[in-house]
Amino acid sequence: MIQINNLHHSFKNNNQTINVLKDISFNIEWQNFISIVGPSGCGKTTLVNILAGYLKNNGGEIYINNKKINKPGKDRVIINQENDLFEWMTVEENIKFGAKNKENVDKYLEIVGLTNFKDHYPYQISGGMKKKTAIGRALAAEGDFIIMDEPFSSLDYQYREKIHDELLYIWQKTKKTILLITHDIEEAIYLSNKIIVFSDRPATIKETMEINLGYPRNYKIKNSQGFIELKNKIRELI
Amino acid sequence: MKKILTFILLITLWQIIFVVLGNDNYILPSPKETFIAFKDVLFSGEIIDHALVSLKRVVVGFLMASFVGIIFALILGYFKKFGEFILPVVEMLRPIPPIAWIPIAILIFGLGDTSAYFIVFLGAFFPIFTNTFFGVISLPKIYSNIALTFETKKMIFLKKILIPFSLPYLFIGLKIGIGMAWMSVIAAELIGAQSGLGYFIQLNRLLLHTDKIIVGMILIGLLGYFLNKIISVLEKSLIPWKK
Numbered sequence: 000m001i002q003i004n005n006l007h008h009s010f011k012n013n014n015q016t017i018n019v020l021k022d023i024s025f026n027i028e029w030q031n032f033i034s035i036v037g038p039s040g041c042g043k044t045t046l047v048n049i050l051a052g053y054l055k056n057n058g059g060e061i062y063i064n065n066k067k068i069n070k071p072g073k074d075r076v077i078i079n080q081e082n083d084l085f086e087w088m089t090v091e092e093n094i095k096f097g098a099k100n101k102e103n104v105d106k107y108l109e110i111v112g113l114t115n116f117k118d119h120y121p122y123q124i125s126g127g128m129k130k131k132t133a134i135g136r137a138l139a140a141e142g143d144f145i146i147m148d149e150p151f152s153s154l155d156y157q158y159r160e161k162i163h164d165e166l167l168y169i170w171q172k173t174k175k176t177i178l179l180i181t182h183d184i185e186e187a188i189y190l191s192n193k194i195i196v197f198s199d200r201p202a203t204i205k206e207t208m209e210i211n212l213g214y215p216r217n218y219k220i221k222n223s224q225g226f227i228e229l230k231n232k233i234r235e236l237i
Numbered sequence: 000m001k002k003i004l005t006f007i008l009l010i011t012l013w014q015i016i017f018v019v020l021g022n023d024n025y026i027l028p029s030p031k032e033t034f035i036a037f038k039d040v041l042f043s044g045e046i047i048d049h050a051l052v053s054l055k056r057v058v059v060g061f062l063m064a065s066f067v068g069i070i071f072a073l074i075l076g077y078f079k080k081f082g083e084f085i086l087p088v089v090e091m092l093r094p095i096p097p098i099a100w101i102p103i104a105i106l107i108f109g110l111g112d113t114s115a116y117f118i119v120f121l122g123a124f125f126p127i128f129t130n131t132f133f134g135v136i137s138l139p140k141i142y143s144n145i146a147l148t149f150e151t152k153k154m155i156f157l158k159k160i161l162i163p164f165s166l167p168y169l170f171i172g173l174k175i176g177i178g179m180a181w182m183s184v185i186a187a188e189l190i191g192a193q194s195g196l197g198y199f200i201q202l203n204r205l206l207l208h209t210d211k212i213i214v215g216m217i218l219i220g221l222l223g224y225f226l227n228k229i230i231s232v233l234e235k236s237l238i239p240w241k242k
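Residue numbers (numbering that gives the first Met the number 0), protein chains in the order written: chain U, 0 to 237; chain P, 0 to 242.
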């Protein structure tokens, strides 16, 4: 289990203390798909940076399997909003970069559906394929926990729907634990089994809700009564 | 086709200027006269020896500058604190043109190869160092963060991330550097050497062989072009990830 206890963060700007995160506590059970939604600029990325270990928080602790986290590590691979692939490496080399077992690279290429593109450089593939390469690289590290920071916001709507289904397939096949940060409410409901709603800055947890829509899911679910109700409820909270 | 047309146009223009200046082969030789002189110095081997000497100087000086410049840039870029000490010195030396070093080079190293190496080195070092250094320090945070997450070892970080990322910047430096190196060697030979293409054109000025001066100049242009071309070809094969 991943535990986030009383996380607090603020920074100083022109002698003013700006609170970014306030009293954030939640747990993530293994193999869950959790989303955090909240208004833009509410501090979601700050939370990612703290979870990743890039940023030191002012207060609170993070535990993974009761082990306290204080620096970056392979047990929490981040998939960033921007394109973060090494542009001088092919798709295959990117996935191989952090791979725990180099022999498994082919397997991960197949899972993300890029076997035929393994020798392409990032500039030769589409934005969606770049994201899938990043997912492949994260999977190849063979940690249990993957953090995604608004990974699909740069993709167009149709491709996003397609990659959502692929991500659900990958998640169920690999049994990873995923924390998705997003401002796309529909995306959060469609993918997750639990959603945490953040308030505006300083971010606090407004509500935590279970998404009991069952898996596997397909696009039709978006027209269901339950889905629409959840969507409206979250929209009102933000 | 277009290139041939430009070439014909240039020769025609040259011929016109030759006529306008009064058909005087001492002031500006005609294209025909120059071509004859070119054949002469080529078949006598005279110019080939000078060209080879200049090329040797430029290659040696340029390789030394590349080696020192790249190592220096990597170290100063990687250890930022150390860089802050050294950079002001580099910034102070950089505006001094390589030719301004010739007098002191002659005093220290005498007339000959060593002075030329030194001048070429200076000419090539600064663009190579500055561009590579800029590449190293402009590594986006997102890449160093990924390296942290994947618990990348320092040597792997250097080999697989920092150096490949800096390579396009490094090549900008090499391309400017080879041009500077070539200019520097000619300048150095004009003043402080007894051989080389720079010496060749200077000598022919004293002998009033204007046709040979022009031949020397054309050859300097051609060789400079080919040196640049070599770097460009190398760049294309070493950086396949750029469009």
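Each residue gets a CB set at the ideal place from its N, CA and C atoms; glycine is no exception. Every value quoted in this text rests on a predicted model; they were computed, and no experiment measured them.
For residue i, the nearest candidate out of the options (CA to CA)
| i | options | result |
| --- | --- | --- |
| U:Val-90 | U:Lys-67, U:Glu-81, U:Lys-130 | U:Lys-130 |
| U:Gly-112 | U:Ile-77, U:Asp-164, U:Asn-192 | U:Asp-164 |
| U:Asp-22 | U:Phe-151, U:Asn-57, U:Asn-222, U:Lys-193 | U:Asn-57 |
| U:Gly-52 | P:Thr-33, P:Glu-150, P:Leu-218 | P:Glu-150 |
| U:Glu-28 | U:Asp-143, U:His-182, U:Tyr-156 | U:Asp-143 |
| P:Leu-237 | P:Lys-80, P:Ala-187, P:Leu-166 | P:Leu-166 |
| U:Val-36 | U:Ala-98, U:Met-208, U:Ile-194, U:Asn-222 | U:Ile-194 |
| U:Asn-48 | U:Leu-229, U:Ile-180, U:Asn-222, U:Ile-184 | U:Ile-180 |
| P:Gly-111 | P:Thr-209, P:Phe-225, P:Gln-193 | P:Gln-193 |
| P:Leu-121 | P:Gly-223, P:Met-182, P:Phe-81 | P:Met-182 |
| P:Phe-71 | P:Phe-128, P:Arg-56, P:Phe-42, P:Thr-5 | P:Phe-128 |
| U:Tyr-218 | U:Ala-187, U:Gly-126, U:Glu-160 | U:Glu-160 |
| P:Leu-202 | P:Ile-46, P:Thr-11, P:Ile-141 | P:Ile-46 |
| U:Val-64 | U:Met-88, U:Lys-221, U:Pro-38, U:Ile-1 | The identity of residue 64 of chain U in the sequence shown is Asn, whereas the question assumes Val. Taking only the C-alpha atoms, the option nearest U:Asn-64 is U:Ile-1. |
Beta-carbon gap between residue i and residue j smaller than 9 angstroms
| i | j | result |
| --- | --- | --- |
| U:Leu-6 | U:Leu-46 | yes |
| P:Ile-185 | P:Gly-197 | yes |
| P:Met-216 | P:Ile-190 | no |
| U:Asn-240 | U:Ala-139 | Not covered by the structure: residue 240 of chain U. The range shown for chain U is 0 to 237. |
| U:Phe-241 | U:Gly-97 | Outside the shown range of chain U (0 to 237) lies residue 241 of chain U, about which nothing can therefore be said. |
| P:Ala-115 | P:Glu-188 | yes |
| U:Leu-236 | U:Gly-225 | no |
| U:Pro-121 | U:Asn-82 | yes |
| P:Leu-233 | P:Ala-50 | no |
| U:Gly-59 | U:Asn-18 | no |
| P:Ile-213 | P:Pro-87 | no |
| P:Gly-223 | P:Val-52 | no |
| U:Lys-175 | U:Ile-210 | no |
| U:Ser-152 | U:His-182 | yes |
| P:Met-179 | P:Ala-99 | no |
| U:Asp-71 | U:Asp-199 | At residue 71 of chain U the sequence reads Pro, which differs from the Asp that was named. No, they are not a contact pair. |
| P:Gly-172 | P:Pro-239 | no |
Counterpart residues of residue i in DSSP-defined beta bridges
| i | result |
| --- | --- |
| P:Phe-37 | In the DSSP output, where bridge partners are listed per residue, P:Phe-37 has none listed. |
| U:Ala-202 | U:Leu-20 |
| U:Ser-9 | U:Asn-18 |
| U:Arg-75 | U:Phe-144 |
| U:Ser-34 | U:Leu-179, U:Ile-194 |
Euclidean distance between Cα positions of residue i and residue j
| i | j | result |
| --- | --- | --- |
| P:Ile-16 | P:Asp-23 | 11 angstroms |
| U:Lys-106 | U:His-119 | 17 angstroms |
| U:Asp-148 | P:Leu-169 | 33 angstroms |
| P:Tyr-161 | P:Leu-138 | According to the sequence displayed, residue 161 of chain P carries Leu and not Tyr. Between P:Leu-161 and P:Leu-138, the C-alpha separation is close to 7 angstroms. |
| U:Glu-92 | U:Thr-173 | 21 angstroms |
| P:Lys-153 | P:Tyr-77 | 11 angstroms |
| U:Thr-114 | U:Leu-108 | 5 angstroms |
| U:Lys-66 | P:Phe-66 | 46 angstroms |
| U:Leu-167 | U:Ile-177 | 10 angstroms |
| P:Phe-37 | P:Lys-211 | 7 angstroms |
| U:Lys-101 | U:Ile-94 | 9 angstroms |
| P:Phe-225 | P:Pro-94 | 27 angstroms |
| U:Thr-16 | U:Asp-74 | 32 angstroms |
| U:Ala-133 | U:Gly-127 | 10 angstroms |
Check: residue i C-beta below 8 angstroms from any heavy atom of the ligand SAM
| i | result |
| --- | --- |
| U:Arg-216 | No copy of the ligand SAM occurs in the structure displayed, which carries no ligand at all. |
- Query: Can you give, in chain order, each stretch of the alpha helix (DSSP H) that sits fully within the region 43 to 88 of chain P and has at least 4 residues?
  - Reply: The qualifying runs are 45 to 77.
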